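Visitor: Below are the structure tokens for one structure; questions will follow.
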Amino acid sequence: MRLWVRPEAQGELLEAQAWYEQRSTGLGFEFARSADAAIARALRMPFAFPQIEAEFRHVILRKFPYSVIYHPSESELVVVSFFHHRRKPGSWMHGADS
């Protein structure tokens, strides 16, 4: 299965990683590892996680208040957002349709 990360999602990931790293040295790395593990779970079982907003699904990061929101198909998984749980619901849809 091929993995695609939309540029907006990549920016969210890097911004969150930098924020955690500023709070405590090494915490940004732990956040990135947690995000990688969540993506790996989604790649292994793309249709096993809860469906939201039609064709999108999400997997929750361990130890951090974030979800990876993605669109799965038989051949690829497209990450559309790294979504903080305190953000307005639905705000992750920034260009998800394009």
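Under my numbering, the first residue of the sequence shown carries the number 1, and numbering increases by one thereafter. Each residue gets a CB set at the ideal place from its N, CA and C atoms; glycine is no exception. Being a predicted model, the structure only gives us computed values, none of them experimental.
(1) Could you tell me which of Pro7, Arg6, Tyr70 and His85 sits nearest to Ile39, measuring between CA atoms?
(2) So what does DSSP say about Ser98, is it helix, strand or coil?
(3) For Glu12, count neighbouring Cβ atoms within 10 angstroms of its own Cβ and tell me buried if that reaches 16, exposed if not.
(4) Can you check whether the CB of Leu61 is closer than 7 Å to the CB of Leu3?
(5) Could you work out which residue in His58, Ser24 and Gln17 is closest to Pro72 when comparing CA atoms only?
(6) Does DSSP put Phe47 in a helix, in a strand, or in coil?
(7) Can the beta-carbon of Ser81 be found closer than 7 Å to that of Ala32?
Guide: For this structure:
(1) Residue 39 sits at position 39 when you count from the first residue of the sequence shown. Comparing Cα positions, the closest option is Tyr70.
(2) Counting from one through the sequence shown, the residue named residue 98 turns up at place 98. Any reading at Ser98 is ruled out, since the residue's pLDDT is 44, under 50, leaving its predicted position unreliable.
(3) Along the sequence shown, one-based indexing puts residue 12 at 12. Per the 10 Å Cβ criterion, buried.
(4) Taking the sequence shown and counting its residues from 1, the one referred to as residue 3 is at position 3. Taking the sequence shown and counting its residues from 1, the one referred to as residue 61 is at position 61. The criterion of a C-beta distance shorter than 7 Å is not satisfied by Leu3 and Leu61.
(5) As a working note, residue 72 is residue 72 in the sequence shown. Of His58, Ser24 and Gln17, the residue nearest in Cα terms is His58.
(6) For the purposes of this step, residue 47 is taken as residue 47 along the sequence shown, with counting starting at 1. Three-state result, Phe47: coil.
(7) Sequence index remark: in the sequence shown, residue 81 carries index 81 (1-based). Sequence index remark: in the sequence shown, residue 32 carries index 32 (1-based). No. Outside cutoff.
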